[in-house]
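K.L.:
Numbering (the numbering used here), first residue to last: 444 to 774.
Even glycine gets a Cβ: it sits at the ideal position worked out from N, Cα and C.
Just so we're clear, the structure is a prediction, and the values are computed from it rather than from any experiment.
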Ligand code: ADP
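(1) Check whether the Cβ of residue 454 lies closer than 7 Å to any heavy atom of the ligand ADP, and answer yes or no.
(2) Please indicate yes or no: does the CB of residue 752 lie closer than 7 Å to some heavy atom of the ligand SAH?
(3) Measure how close the beta-carbons of residue 534 and residue 596 come, nearest whole angstrom, since I'm counting them as under 8 Å.
(4) Whole beta strand (DSSP E) runs in the segment 559–630 with 3 or more residues, listed along the chain?
(5) Kindly identify the DSSP beta-bridge partner or partners of residue 675.
(6) Within the continuous beta strand (DSSP E) that includes residue 643, where are the two ends?
(7) The beta strand (DSSP E) with residue 525 in it runs from where to where?
(8) Considering only the beta carbon of each residue, do residue 655 and residue 465 sit closer than 8 Å?
(9) Report, in whole angstroms, the separation of the C-beta atoms of residue 651 and residue 461, which I expect to be a contact under 8 Å.
(10) According to DSSP, is residue 663 helix, strand or coil?
(11) Cα separation between residue 626 and residue 648?
(12) Using only CA atoms, which one of 735, 520, 632, 566 lies nearest to residue 544?
(13) Short check: CB of residue 686 to CB of residue 695, under 8 Å?
(14) Cβ of residue 850 within 8 Å of Cβ of residue 674?
(15) If I measure Cβ to Cβ from residue 653 and keep anything under 6 Å in the same chain, skipping five residues before and after, which residues do I get?
(16) Where does residue 692 fall in DSSP's three states?
(17) Under 8 Å by Cβ, that's how I've got residue 630 and residue 600 pegged, so tell me the actual separation to the nearest angstrom.
(18) Looking at the unbroken beta strand (DSSP E) that takes in residue 445, where does it start and where does it end?
(19) What ranges does the beta strand (DSSP E) occupy inside the segment 474–511, keeping only unbroken runs of at least 3 residues that lie completely in it?
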């Protein structure tokens, strides 16, 4: 539905978008994230025919953004970062005006208007002027105008920027609902929003796509191994060899041992939750007391830092740990 190949755009000496390629399909909600100035808005403007690229190509709904700009616009709903709303126009008048601009046949205008008012929850404010609305409701009106011609593709630039947490959740849920049927590409810098809303994530940094995948894909790309944090009441001499015997554990590191409470960091060769089961069983079998058993998690913030700055400091804790080999050669 969207196919982008080697898209490149400079503003004078600033290379804003550099050889960007990706595709996106119907029924997907794709989150487009990156630091400020990474090239998100520029890419979205090219896809919605508001800017032309210097090089590369993009097709949207099968139409080339340069050759078939009118067809692209018919198939896309676009919510720019600051939606061009007319403050002194009534909500209903504005949306009626949009049905005319979008050349929706007269016989269908009422029906489309009713549908977008319903989807975007605008019933209560339909008689008000846009200027009287809160930022959250103005954003809903912006979304309603992007949906008015029932396009199969929605491109939303920072749709939740400036909203309070409850408004953000409402818009996020709206995007999720819309994304069940349509392709939604939206940019944001709010990472939990991406994790909660998107089927796929594109990360752009300094004009280049640096990561493309599902939330889980991206996490597994930066996590080479799983870590378990375990705290057990018992004797270190007794516990350590039993943990070393476990098949799924490649490294047993004792972090501290105080008053009969031993803390370990375990590296696992298999998915952490399988190894956690083995650790639990060995604790029960030996009648020790399990104080804590936790799988180290990698979150989207770490993924973002890794791909946009190369930092991974939180993924592998820089802590001096004692490596206890599985073999007994040292003795
Ligand atoms: P994002 O949306 O990720 O914040 P943008 O696409 O707005 O990024 O900007 C990408 C780069 O292009 C930035 O360095 C920005 O300063 C520059 N840029 C954007 N628009 C213009 C413009 N109209 N004129 C000159 N430089 C621009």
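P.N.:
Taking the structure as given:
(1) At least one heavy atom of the ligand ADP is nearer than 7 Å to the Cβ of residue 454, so yes.
(2) Inclusion of the ligand SAH in the displayed structure is not the case, the ligand content consisting of the ligand ADP alone.
(3) 24 Å between Cβ atoms; not a contact.
(4) 596–600
(5) 705, 733
(6) 643–648
(7) Per DSSP, residue 525 belongs to no beta strand (DSSP E) and is neither H nor E.
(8) Closer than 8 Å, so yes.
(9) 5 Å
(10) helix
(11) Rounded to whole angstroms, residue 626 to residue 648 spans 23 Å at the Cα level.
(12) 520
(13) yes
(14) In the structure as shown, the chain starts at 444 and stops at 774, and residue 850 therefore has no counterpart that could be examined.
(15) 646, 750
(16) strand
(17) Contact between residue 630 and residue 600 holds, since their C-beta atoms are separated by about 5 Å, short of 8 Å.
(18) 445–454
(19) 498–503
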